[in-house]
Amino acid sequence: MAGTRSRRAVRRDRPVNHVPPDVPGYQAGGLPAHWQPSFGPPQSGPPQFGPSQFGPPPPRRHGRAAAKVVVLLVVIALLSTAGFVVNRLLVSAVGGATSATASVQRFFDALEDKDWTALGLLLPPDETSQVAGLLRDTADLQESIGGSADSVTDQLDGVSIDVSDLSLSSEEVARDLTKVVIERATIVVEIDEKATESLTDLIPDAGIDGLGSIGVTVSINGAEVSYDYRGGSDSDSGSESLVIGGDTTPPFLMSVRRDGGWFVSPVFTVAQYLAEESGWETEDSDESHVTFDSPDKAAAGFVEGLAETIATADIGHVADAMGGVEARLLRTYAAGINAELESDPDLGLGPDVQITVRDTDFDVTPGEDGQARIKISHIGLEFGSDGRRATIDFDGDCVRFVADDEPDEGGCISDGGEFASRLYRSLGHLVAIPQDGGWKVSPVATYVDWLGIAVRELAGVDADLLAAVVDMDFSRLAAREPAGRIGVSDEITVEIAPVSTSIYAGVSVLEAEPSAGLVEYSCTSDNAPYFCEIIVVDREGRRIEQESTYDVGTGYRRGYAVTGETRLLVAGVAGAVVVESAPG
Numbered sequence: 000m001a002g003t004r005s006r007r008a009v010r011r012d013r014p015v016n017h018v019p020p021d022v023p024g025y026q027a028g029g030l031p032a033h034w035q036p037s038f039g040p041p042q043s044g045p046p047q048f049g050p051s052q053f054g055p056p057p058p059r060r061h062g063r064a065a066a067k068v069v070v071l072l073v074v075i076a077l078l079s080t081a082g083f084v085v086n087r088l089l090v091s092a093v094g095g096a097t098s099a100t101a102s103v104q105r106f107f108d109a110l111e112d113k114d115w116t117a118l119g120l121l122l123p124p125d126e127t128s129q130v131a132g133l134l135r136d137t138a139d140l141q142e143s144i145g146g147s148a149d150s151v152t153d154q155l156d157g158v159s160i161d162v163s164d165l166s167l168s169s170e171e172v173a174r175d176l177t178k179v180v181i182e183r184a185t186i187v188v189e190i191d192e193k194a195t196e197s198l199t200d201l202i203p204d205a206g207i208d209g210l211g212s213i214g215v216t217v218s219i220n221g222a223e224v225s226y227d228y229r230g231g232s233d234s235d236s237g238s239e240s241l242v243i244g245g246d247t248t249p250p251f252l253m254s255v256r257r258d259g260g261w262f263v264s265p266v267f268t269v270a271q272y273l274a275e276e277s278g279w280e281t282e283d284s285d286e287s288h289v290t291f292d293s294p295d296k297a298a299a300g301f302v303e304g305l306a307e308t309i310a311t312a313d314i315g316h317v318a319d320a321m322g323g324v325e326a327r328l329l330r331t332y333a334a335g336i337n338a339e340l341e342s343d344p345d346l347g348l349g350p351d352v353q354i355t356v357r358d359t360d361f362d363v364t365p366g367e368d369g370q371a372r373i374k375i376s377h378i379g380l381e382f383g384s385d386g387r388r389a390t391i392d393f394d395g396d397c398v399r400f401v402a403d404d405e406p407d408e409g410g411c412i413s414d415g416g417e418f419a420s421r422l423y424r425s426l427g428h429l430v431a432i433p434q435d436g437g438w439k440v441s442p443v444a445t446y447v448d449w450l451g452i453a454v455r456e457l458a459g460v461d462a463d464l465l466a467a468v469v470d471m472d473f474s475r476l477a478a479r480e481p482a483g484r485i486g487v488s489d490e491i492t493v494e495i496a497p498v499s500t501s502i503y504a505g506v507s508v509l510e511a512e513p514s515a516g517l518v519e520y521s522c523t524s525d526n527a528p529y530f531c532e533i534i535v536v537d538r539e540g541r542r543i544e545q546e547s548t549y550d551v552g553t554g555y556r557r558g559y560a561v562t563g564e565t566r567l568l569v570a571g572v573a574g575a576v577v578v579e580s581a582p583g
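What the sequence shown shows, in numbering that gives the first Met the number 0, is residues 0 to 583, in sequence order.
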């Protein structure tokens, strides 16, 4: 990656992308969000433990330790889930328990025994089938950058869980869906030093590094949840109430019936917490009688169902055309979802708008594990309201919008250059799964397939870049031979090479000349003017943050303190990228 330079005043006649203060360039290590696999849990989730809403909150003496407890329990749950989902692939039995309460009791028993096969058999098949392959790909990716070769179960050897005084009750909330309430329990979690290091690698900001072994005791007595935490020289304890939708309630897990057996459902557990927080009612999720005899017909049915849902604010239309656990989820909470659609003017087009799917055309190719990938060749939609008419057409690249008495509008994916075109070729498809004796489009399967493609593509990228993307370890990139050297009030052009055939973007490394004052850096890409980013690190790859100073004569100044060996990691679309510097 060669660099060319010119010693002249910095130009401001082109759009530039400044490095914003206090905001990291890209959270996964300086690469565009399109490349980043989403390994973490979703941001939304069930309500957290907090002070009672029936009085003033008590003093927050244990917030820091409470946060650590929550983080540890969540991470342990995620690692446990990964362990028994992987092991589920090895088991051909149907599994499940004889009752909803028994499924939760056996779940805790298996957790104590670290019996990953038993745990896997207690998860619903329709919630685990899509995830297992992605976990395999993720493990391969981690190994390719020199991560731990130990399996998830090996890393959990240092975690012990003891559950005692467990008392459960159950309440049926819909057909084949039961809430299992944890009325009373004492859960003791012990994590040895090696396992703590593994958790620290997984979540560096958890604040548990260097603590050695950790112990957490959680006691549940109805809605009151108390905990005792100890880690290193840190310890804390407290008691708080679980409040959902304004009411105190004991914690619970949801159990679902599938093929005659009962399974603990992570998906419906999260959904039920959110539903109760929002005041939604549940209803029986009857099986859909809609089915399609080919993947392309399933895609056409999905588009028609989505159009009908948008026009009528009734989620049932698209739910009937969908496959996977998400279809059951939408039908179970349809009343609450429909109420949200009807009450939010931004979510619907109004009762006077008619949507017609004029024509569709799809290309179908084989996908993973007997699934099918569906690429849109053409979709034509027609909208009508109050005698006015508009059409939208998409031909696989360009969108064209035509309305009465208005100029035509549109745009193309290819307008975004080679980066956008390659990205769409890799991820621009839906996934249909075999279900109900035919085919149905599954948004969850589609998303997991996108993640799998991204992870496999990243696995082919060189290890230096992978370390930055996955582990936010910039030391390898910082050790590379710089493509050039940039001073103050300077400009240099670098050529960024694509990291793979599908990812038409990359990173170039520049050396920054030391300066007595603060320095600002900016960049612009010839192929995508606003799509480049600069991460400033020292010679060892440690991130350097922007600083601000104040002088009576000059006022506030902002920039980077470049006093020693400094590297600029320039991420952008492949091609020429101009990097500029100026006094802060």
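Ideal placement from N, C-alpha and C gives every residue a C-beta, glycine not left out.
Going by the C-beta, is Ile485 closer than 6 Å to any heavy atom of the ligand HEM? Ligands displayed in this structure: none; no statement on the ligand HEM is therefore possible.
If you count every other CB in all the chains shown that lies within 10 Å of the CB of Glu272, and 16 or more means buried, which is it? Numbered from its first residue, the sequence shown carries residue 272 at position 273. For the sequence presented, residue 272 should be read as Tyr rather than Glu. So Tyr272 counts as buried.
Less than 7 Å separating the beta-carbons of Ser521 and Glu579? Mapped onto the sequence shown, residue 521 falls at position 522. Mapped onto the sequence shown, residue 579 falls at position 580. Yes.
Determine the contact status of Glu280 and Ala334, defining contact as a CB-CB distance below 7 Å. On the sequence shown, residue 280 is found 281 positions in, with the first residue counted as 1. On the sequence shown, residue 334 is found 335 positions in, with the first residue counted as 1. Yes, they are a contact pair.
When DSSP labels each residue in this structure, what does His33 get in the three-state scheme? Residue mapping note: residue 33 aligns to position 34 of the sequence shown, counting from 1. Note that His33 has pLDDT 34, beneath the 50 cutoff, so the model's placement of it is unreliable and the number below is only indicative. Correct three-state label for His33: helix.
How far does the alpha helix (DSSP H) with His316 in it extend, from its first residue to its last? By 1-based counting over the sequence shown, the position of residue 316 is 317. DSSP places His316 in the uninterrupted alpha helix (DSSP H) bounded by Gly315 to Asp319.
I'd like to confirm the pairing. Which residues does DSSP put opposite Asp164 in its beta bridges? Taking the sequence shown and counting its residues from 1, one reaches residue 164 at position 165. In the DSSP output, where bridge partners are listed per residue, Asp164 has none listed.
Is it buried or exposed for Arg538, if we count other Cβ within 10 angstroms and need 16 for buried? For the purposes of this step, residue 538 is taken as residue 539 along the sequence shown, with counting starting at 1. Exposed, since its Cβ has fewer than 16 Cβ neighbours within 10 Å.
CB contact flag (Val577, Ala511, <7 Å): Within the sequence shown, the letter at position 578 stands for residue 577. Within the sequence shown, the letter at position 512 stands for residue 511. Against a cut-off of 7 Å, the Cβ pair of Ala511 and Val577 comes out as no contact.
Taking all protein chains shown into account, do 16 or more other C-beta atoms lie within 10 angstroms of the C-beta of Thr308, making it buried, or fewer, making it exposed? Here the question's residue 308 lines up with position 309 in the sequence shown. Buried: at least 16 other Cβ atoms inside 10 Å.
Counting only runs of 4+ residues fully inside the segment 430 to 507, write out the alpha helix (DSSP H) ranges in chain order. For the segment 430 to 507, whole alpha helix (DSSP H) runs of length 4 or above, ordered along the chain, are 442 to 458, 462 to 470 and 474 to 477.
Would you kindly report the start and end of the unbroken alpha helix (DSSP H) that includes Val324? As a position in the sequence shown, residue 324 is number 325, starting the count at 1. Here the alpha helix (DSSP H) through Val324 covers Val324 to Thr331.
Is the separation between the beta-carbon of Asp392 and that of Gly379 shorter than 7 Å? One-based indexing of the sequence shown puts residue 392 at position 393. One-based indexing of the sequence shown puts residue 379 at position 380. Cβ atoms of Asp392 and Gly379: closer than 7 Å.
Residues in the same chain with beta-carbon distance under 8 Å from Ala477, minus the five sequence neighbours each way, listed in chain order, please. Residue numbering aside, residue 477 sits at position 478 when the sequence shown is read from its first letter. If we look at Ala477 and ignore the five residues flanking it on each side, its Cβ neighbours are Val508, Val536, Asp537, Arg538, Glu539, Gly540, Arg566 and Leu568.
Expected contact under 8 Å - CB spacing of Ala504 and Ala573 to nearest Å: Your numbering for residue 504 matches position 505 in the sequence shown. Your numbering for residue 573 matches position 574 in the sequence shown. In this structure, Ala504 and Ala573 form a Cβ contact; the two beta carbons are roughly 6 Å apart against a cut-off of 8 Å.
Member of Val289, Val468 and Thr390 whose CA lies at the smallest distance from the CA of Asp404: Taking the first residue of the sequence shown as position 1, residue 404 is located at position 405. With distances taken between Cα atoms, Asp404 lies closest to Thr390.
Could you tell me whether the segment 260 to 277 touches the segment 231 to 247, where touching means 3 or more Cβ pairs closer than 8 Å? yes
Based on the DSSP output, what are the partners of Leu568 in its beta bridges? Taking the sequence shown and counting its residues from 1, one reaches residue 568 at position 569. BP columns for Leu568 point to Val508 and Ile534.
Local conformation of Val561 per DSSP, three classes: Counted from its first residue, the sequence shown places residue 561 at position 562. Correct three-state label for Val561: coil.
So the alpha helix (DSSP H) Trp115 belongs to, where does it begin and stop? Within the sequence shown, residue 115 is the residue found at index 116, counting from 1. Residues Trp115 to Leu120.
Do you know how far the Cα of His377 is from the Cα of Asp360? Residue numbering aside, residue 360 sits at position 361 when the sequence shown is read from its first letter. Residue numbering aside, residue 377 sits at position 378 when the sequence shown is read from its first letter. The alpha-carbon atoms of Asp360 and His377 are separated by roughly 5 Å.
Kindly list the residues whose CB is nearer than 7 Å to the CB of Leu589, restricted to its own chain and excluding five residues on each side of it in sequence; keep chain order. Because the chain is modelled from 0 through 583, residue 589 falls outside the range shown and cannot be assessed.
May I have the straight-line CA-CA distance separating Asp233 from Ala173, to the nearest angstrom? Taking the first residue of the sequence shown as 1, we reach residue 233 at position 234. Taking the first residue of the sequence shown as 1, we reach residue 173 at position 174. Roughly 44 Å separates the two Cα atoms.
By the DSSP assignment, the beta strand (DSSP E) with Ile373 in it spans what residues? Residue mapping note: residue 373 aligns to position 374 of the sequence shown, counting from 1. Ala371 to Ser384 is the span of the beta strand (DSSP E), which, as asked, contains Ile373.
Coil, strand or helix - Glu341 by DSSP: Within the sequence shown, the letter at position 342 stands for residue 341. The answer is helix: DSSP assigns Glu341 an H, G or I state.
So, Asp191 versus Gly230, is the Cβ gap smaller than 7 Å? Looking up residue 191 in the sequence shown gives position 192. Looking up residue 230 in the sequence shown gives position 231. It is not a contact, given that the beta carbons lie outside the stated cut-off.
From the DSSP output, read off the bridge partner residues of Val224. In the sequence shown, the residue the question calls residue 224 occupies position 225. The partner list for Val224 (beta bridge, DSSP) reads Ile219 and Glu239.
Ignoring anything shorter than 3 residues, give me the beta strand (DSSP E) runs that lie fully in the segment 252 to 293, in order along the chain. Fully enclosed beta strand (DSSP E) runs of 3 or longer: 260 to 263.
Beta-carbon proximity check, Glu381 vs Thr355, cutoff 7 Å: Within the sequence shown, numbered from 1, the residue matching residue 381 stands at position 382. Within the sequence shown, numbered from 1, the residue matching residue 355 stands at position 356. Contact: yes.
Boundaries (first-last residue) of the beta strand (DSSP E) holding Val398: Here residue 398 refers to the residue found at position 399 of the sequence shown. That run of the beta strand (DSSP E) goes Cys397 to Ala402.
Among Phe530, Ala527, Asp525 and Ala515, which has the Cα closest to the Cα of Gly563? Along the sequence shown, read from residue 1 onward, the residue named residue 563 stands at position 564. Comparing Cα positions, the closest option is Ala515.
His316, buried or exposed, once every other Cβ within 10 Å from all chains shown has been counted against 16: Indexing the sequence shown from 1 puts residue 316 at position 317. With 16 or more other Cβ atoms within 10 Å, it is buried.
Sequence-distant residues of the same chain with beta carbon closer than 7 Å to Gly366, five excluded per side: As a first step, residue 366 must be located in the sequence shown, where it is residue number 367. Within the same chain, Gly366 has close Cβ partners Arg372, Val430 and Asp448.
Could you tell me which residues DSSP puts in a beta bridge with Gly409? Working through the sequence shown from its first residue, we reach residue 409 at position 410. For Gly409, which the question treats as bridged, DSSP gives the partners Arg399.
Tell me the DSSP secondary structure of Ala99 in three-state form. Here residue 99 corresponds to residue number 100 of the sequence shown, with the count starting at 1. In this structure, Ala99 counts as helix in the three-state DSSP scheme.
When you compare each of Val217, Asp175 and Glu189 to Gly237 by their alpha carbons, which one comes out closest? Within the sequence shown, the letter at position 238 stands for residue 237. Scanning Val217, Asp175 and Glu189 for the CA closest to the CA of Gly237 turns up Val217.
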